[in-house]
């Protein structure tokens with residue numbers, strides 16, 4: 011599975027509100043850096059995914075693309091536009107950086 015497919019499958023699971031499947035795309039020691047603060051390891055990331063799954067899904071599809079060795083996706087929410095950059099290694103997400111704005 012390509013890095014982009016890993017991220018696509020992660021978003022599909024999250025969109026279906028299947029957080030147990032979504033967390034399976036993360037490495038045990040993965041890190042998520044977001045405006046809400048860092049989440050380290052699958053246990054902390056799972057808490058963040060549960061919170062995200064309680065929010066309305068984006069109206070537009072999220073389309074990840076490969077950019078300079080990473081996978082980048084953008085989405086809009088009532089709070090604004092978010093850019094997410096993923097690092098994938100051995101078929102698992104090892105880092106997700108979430109930034110507000112373009």
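Residue numbers (this note's numbering): 11 to 112.
The C-beta atom is built at its ideal place from N, Cα and C for all residues, glycine as well.
Spatial distance of residue i from residue j (CA atoms)
i: residue 102; j: residue 66; result: 26 Å
i: residue 28; j: residue 86; result: 21 Å
i: residue 56; j: residue 88; result: 22 Å
i: residue 43; j: residue 12; result: 23 Å
i: residue 18; j: residue 75; result: 9 Å
i: residue 47; j: residue 111; result: 16 Å
i: residue 81; j: residue 23; result: 17 Å
i: residue 50; j: residue 14; result: 22 Å
i: residue 61; j: residue 77; result: 28 Å
i: residue 73; j: residue 94; result: 11 Å
i: residue 83; j: residue 107; result: 11 Å
Proximity to residue i [Cα-Cα], best of the options
i: residue 99; options: 79, 84, 74 and 24; result: 79
i: residue 34; options: 48, 45 and 53; result: 53
i: residue 64; options: 96, 95, 50 and 25; result: 25
i: residue 97; options: 58, 60, 30 and 39; result: 39
i: residue 71; options: 21, 16, 60 and 30; result: 21
i: residue 59; options: 30, 95 and 90; result: 30
For residue i, the three-state DSSP class (helix, strand or coil)
i: residue 70; result: coil
i: residue 110; result: strand
i: residue 39; result: strand
i: residue 47; result: coil
Any chain C beta carbon closer than 8 Å to residue i
i: residue 85; result: Among the chains in the structure shown there is no chain C, since it carries only a single protein chain.
Rounded Cβ spacing between residue i and residue j (contact assumed at less than 8 Å)
i: residue 92; j: residue 109; result: 7 Å
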